[in-house]
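Everything below concerns the one structure shown next.
Number of protein chains: 2
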Amino acid sequence: MSMPESTLETALRPQRDAQRTRTAILAAAQDAFSTRGYTDTGVREITAAAGVNPALVSRYFGSKERLYEAALSELLDTKQVIGLPRESFGMAVVDLLTDSQRSRRNPLPMMMLASADPTARAITDRLLKELFLEPLAHWYGQERGEGKATCFAALASGLTLYRELYPLNAFGVQMSAETRAWLVAAFQSLID
Amino acid sequence: MSMPESTLETALRPQRDAQRTRTAILAAAQDAFSTRGYTDTGVREITAAAGVNPALVSRYFGSKERLYEAALSELLDTKQVIGLPRESFGMAVVDLLTDSQRSRRNPLPMMMLASADPTARAITDRLLKELFLEPLAHWYGQERGEGKATCFAALASGLTLYRELYPLNAFGVQMSAETRAWLVAAFQSLID
DNA sequence: ATGCTATGTAAACCACCGTTTACTTAGAGG
DNA sequence: CCTCTAAGTAAACGGTGGTTTACATAGCAT
Numbered sequence: 004m005s006m007p008e009s010t011l012e013t014a015l016r017p018q019r020d021a022q023r024t025r026t027a028i029l030a031a032a033q034d035a036f037s038t039r040g041y042t043d044t045g046v047r048e049i050t051a052a053a054g055v056n057p058a059l060v061s062r063y064f065g066s067k068e069r070l071y072e073a074a075l076s077e078l079l080d081t082k083q084v085i086g087l088p089r090e091s092f093g094m095a096v097v098d099l100l101t102d103s104q105r106s107r108r109n110p111l112p113m114m115m116l117a118s119a120d121p122t123a124r125a126i127t128d129r130l131l132k133e134l135f136l137e138p139l140a141h142w143y144g145q146e147r148g149e150g151k152a153t154c155f156a157a158l159a160s161g162l163t164l165y166r167e168l169y170p171l172n173a174f175g176v177q178m179s180a181e182t183r184a185w186l187v188a189a190f191q192s193l194i195d
Numbered sequence: 004m005s006m007p008e009s010t011l012e013t014a015l016r017p018q019r020d021a022q023r024t025r026t027a028i029l030a031a032a033q034d035a036f037s038t039r040g041y042t043d044t045g046v047r048e049i050t051a052a053a054g055v056n057p058a059l060v061s062r063y064f065g066s067k068e069r070l071y072e073a074a075l076s077e078l079l080d081t082k083q084v085i086g087l088p089r090e091s092f093g094m095a096v097v098d099l100l101t102d103s104q105r106s107r108r109n110p111l112p113m114m115m116l117a118s119a120d121p122t123a124r125a126i127t128d129r130l131l132k133e134l135f136l137e138p139l140a141h142w143y144g145q146e147r148g149e150g151k152a153t154c155f156a157a158l159a160s161g162l163t164l165y166r167e168l169y170p171l172n173a174f175g176v177q178m179s180a181e182t183r184a185w186l187v188a189a190f191q192s193l194i195d
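This is the structure:
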């Protein structure tokens with residue numbers, strides 16, 4: 004964590020580095036879980052993308068479930084939402100959610116694609132509450148913060164679902180001004 | 004379809020009835036796919052609930068995927084939404100989506116729990132557009148109907164996701180008046 | 001240099017699942 | 001009554017996937 008990257012050190016890098024291997028597996032898992040989903044991605048695919056042996060998932064994370072837990076934990080973060088200005092909150096949120104750059108390592112598709120598996124869903128449920136809904140509810144304010152955070156999550160999830168997973172035209176790259184305006188107003192009305 | 008049910012006919016009913024068996028499998032599949040999801044329910048569970056042999060899924064539906072297609076097709080229906088009064092549309096939709104009676108055989112959880120499987124998602128995508136979004140867009144009106152229908156689906160899916168699959172307090176049985184009001188206003192604003 | 005330990009690998013294990021095959025049997029038609 | 005077809009069943013097949021086990025080796029410490 005204190006080591007900077009450089010081509011010189013890359014050359015001198017030891018072939019065996021537990022931390023680096025663990026990080027590589029975690030990053031590959033985040034990519035795969037966000038795009039193909041928890042159930043549909045096997046540990047063999049993840050470790051192949053990381054360039055290591057499948058058995059290392061058990062060694063470094065204990066199980067595929069715990070790997071999913073670590074992968075989602077690192078991505079679930081309210082800072083991007085909480086840092087937004089309240090007066091133009093709706094627009095900022097829609098901009099954030101429709102930013103085409105942030106398609107990979109996105110916790111929202113990751114969560115929804117994991118909903119089918121019972122144990123992954125239980126993990127998602129716990130982390131979503133602890134790491135996202137509770138901080139967001141506190142940010143909204145002590146008055147009805149929980150309800151507002153839940154409405155936020157519902158609309159954000161629905162938008163992501165039909166934008167990333169079921170690519171619908173109306174939520175695609177050429178979203179109409181009216182559609183965007185409705186989304187902006189809906190998110191903004193959670194503040195006012 | 005013209006045969007009424009009676010205890011007398013039940014007694015005289017032949018032990019082998021292809022139509023009845025097919026219907027029993029379909030009903031069991033709708034129950035299971037709506038609650039546990041496409042990936043997590045095996046054909047053995049479905050046929051066990053229907054009281055028949057697993058091989059009959061292949062006989063009557065061709066494959067598990069086609070069974071899913073038949074199960075979802077029968078449930079996807081815009082009539083419940085399209086029949087609603089436009090002036091109180093928001094309230095009627097929220098009442099419909101938060102009706103605790105309609106938990107089983109619900110196409111929305113069924114769709115979301117199937118999103119993880121690639122082929123099931125492709126089927127869902129097609130049926131959603133053909134049987135729901137296009138009729139709903141037409142009902143909304145030729146002006147921006149597609150965008151409105153997509154927003155409707157997004158909010159309805161988000162609400163169902165955090166009400167049925169991840170039971171969150173704010174969307175549960177004791178939903179606050181403010182939360183409900185926000186949902187009602189959001190749905191209603193798609194009409195006005 | 002030489003053990004020793006952490007790191008990594010290959011291969012097997014074991015359970016599950018969708019589907020197919022071979023076989024049995026109920027029940028209508030002659 | 002007999003036969004033939006549709007309906008149903010039992011069991012196996014082939015593939016997959018997470019995990020474990022046994023083994024190899026890189027790299028640090030002595």
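Residue numbers (this note's numbering), protein chains in the order written: chain Y, 4 to 195; chain P, 4 to 195. In this text, a Cβ means the ideal position worked out from N, Cα and C, and glycines have one as well. Source: prediction; values computed, not measured.
(request) Pair every Cβ in the stretch 52–71 of chain Y with every Cβ in the stretch 28–40 of chain Y, then say whether three or more of these pairs are closer than 8 Å. (result) Touching, yes, given that three or more Cβ pairs across the two stretches are closer than 8 Å.
(request) Grab me the residues of Y/GLU48's own chain with a C-beta within less than 7 Å of its C-beta, minus the 5 sequence neighbours each way, in chain order. (result) If we look at Y/GLU48 and ignore the five residues flanking it on each side, its Cβ neighbours are ALA35.
(message) So the candidates are P/LEU162, P/GLU137, P/SER66 and P/ALA125; which of them puts its Cα closest to the Cα of Y/ALA173?
(response) Nearest of P/LEU162, P/GLU137, P/SER66 and P/ALA125 to Y/ALA173, Cα basis: P/GLU137.
(request) Give the secondary structure of Y/LEU79 by DSSP, where H, G and I count as helix, E and B as strand, and everything else as coil. (result) Y/LEU79 falls in the coil class under three-state DSSP.
(message) Tell me the DSSP secondary structure of P/GLU3 in three-state form.
(response) What is shown of chain P runs 4 to 195, which leaves residue 3 of chain P out entirely.
(request) From the DSSP output, in three-state form, read off P/PRO121 for me. (result) In the three-state reduction of the DSSP assignment, P/PRO121 falls in the helix class.
(message) Nearest by alpha-carbon distance to Y/ILE85: which of Y/ARG62, Y/PRO121 and Y/PHE135 is it?
(response) Put simply, of Y/ARG62, Y/PRO121 and Y/PHE135 the residue whose alpha carbon is nearest the alpha carbon of Y/ILE85 is Y/PHE135.
(request) Return helix, strand or coil for Y/PRO110, following the three-state DSSP convention. (result) Three-state DSSP puts Y/PRO110 in a helix.
(request) Count the other CB atoms, across all protein chains shown, that sit within 10 Å of the CB of P/VAL176; report buried if there are 16 or more and exposed otherwise. (result) In this structure P/VAL176 is exposed. Its beta-carbon is surrounded by fewer than 16 other beta-carbon atoms within 10 angstroms.
(message) Taking the alpha carbon of Y/GLU133 as the reference point, which residue from Y/ARG19, Y/ARG107, Y/LEU79 and Y/LEU164 has its own alpha carbon closest?
(response) Nearest option by C-alpha distance: Y/LEU79.
(request) Determine whether the Cβ of Y/ASN56 lies closer than 8 Å to any Cβ atom of chain P. (result) Y/ASN56 does not count as touching chain P.
(request) Return the first residue and the last residue of the alpha helix (DSSP H) that Y/ARG62 is part of. (result) Looking at the DSSP string, the run of the alpha helix (DSSP H) that includes Y/ARG62 is 58–64.
(message) Does chain Y have any CB closer than 8 Å to the CB of P/ASN172?
(response) Any Cβ of chain Y closer than 8 Å to the Cβ of P/ASN172 would place that residue at the interface, and such an atom is present.
(message) At a CB distance below 7 Å, what residues from the stretch 19–40 of chain P approach chain Y? Give them in sequence order.
(response) Only GLY40 from the stretch 19–40 of chain P bring a Cβ to less than 7 Å from some Cβ of chain Y.
(request) Go to Y/SER37, then tell me how far its alpha helix (DSSP H) extends in each direction, as first and last residue. (result) Counting along the chain, the unbroken alpha helix (DSSP H) around Y/SER37 starts and ends at 21–38.
(message) Can you look up Y/SER103 in the DSSP assignment and give me helix, strand or coil?
(response) Of the three classes helix, strand and coil, the one that applies to Y/SER103 here is helix, per DSSP.
(message) Rounding to the nearest angstrom, what Cα-Cα distance links Y/ASP20 and Y/ARG62 in this structure?
(response) For Y/ASP20 and Y/ARG62, the distance between alpha carbons rounds to 14 Å.
(request) Please state if the CB of P/SER37 and the CB of P/ARG107 are separated by a distance shorter than 8 Å. (result) In contact: P/ARG107 and P/SER37 (Cβ atoms closer than 8 Å).
(message) For a test of the three-state rule: what should DSSP assign to P/ASP160, helix, strand or coil?
(response) According to the sequence displayed, residue 160 of chain P carries Ser and not Asp. Looking at P/SER160 - three-state DSSP - the assignment turns out to be helix.
(message) Assuming contact is defined by CB atoms lying nearer than 8 Å, are Y/VAL97 and Y/LEU193 in contact in what I supplied?
(response) Their beta carbons are not under 8 Å apart, which means Y/VAL97 does not touch Y/LEU193 by this criterion.
(message) Please report the straight-line C-alpha distance between Y/SER91 and Y/PHE190, rounded to a whole angstrom.
(response) If you draw a straight line from the Cα of Y/SER91 to the Cα of Y/PHE190, it is about 10 Å long.
(request) Check the Cβ-Cβ distances between P/ARG147 and every residue of chain Y, and say whether any is below 8 Å. (result) Yes, because at least one Cβ of chain Y sits closer than 8 Å to the Cβ of P/ARG147.
(request) Would you kindly work out how many angstroms separate the C-alpha atoms of P/LEU111 and P/GLY161, rounded to a whole number? (result) Computed Cα separation, rounded: 10 Å.
(message) Output needed for P/LEU158: all residues of its chain with C-beta closer than 7 Å, excluding positions within five of it in sequence on either side, in chain order.
(response) Apart from sequence neighbours up to five positions away, the residues of its chain that approach P/LEU158 with a beta-carbon distance below 7 Å are ALA189 and PHE190, ordered along the chain.
(request) With 8 Å as the threshold, decide whether the Cβ of Y/GLU90 is near any Cβ in chain P. (result) For Y/GLU90, the answer is no, since every Cβ of chain P falls outside 8 Å of its Cβ.
(request) Answer with buried or exposed for Y/ARG124, where buried requires no fewer than 16 other C-beta atoms within 10 angstroms of its C-beta. (result) Buried.
(request) Kindly give me the distance between the Cβ atoms of P/ARG147 and Y/GLU181, rounded to whole angstroms, as I take these residues to be in contact under 8 Å. (result) Confirmed, Cβ separation roughly 5 Å.
(request) Please list the residues of the stretch 148–165 of chain Y that have a C-beta atom closer than 7 Å to any C-beta atom in chain P, keeping them in chain order. (result) The residues in question are GLU149, GLY150, THR153, CYS154, ALA156, ALA157, LEU158, SER160, GLY161, LEU162, LEU164 and TYR165.
(message) Using a Cβ-Cβ cutoff of 8 Å, what residues of the stretch 133–147 of chain Y are near chain P? List them in chain order.
(response) Of all residues in the stretch 133–147 of chain Y, those with a C-beta nearer than 8 Å to a C-beta of chain P are LEU136 and ARG147, reading in chain order.
(message) Please report the distance separating the alpha-carbon of Y/LEU59 from that of Y/GLY45.
(response) Cα to Cα, the separation comes out at about 13 Å.
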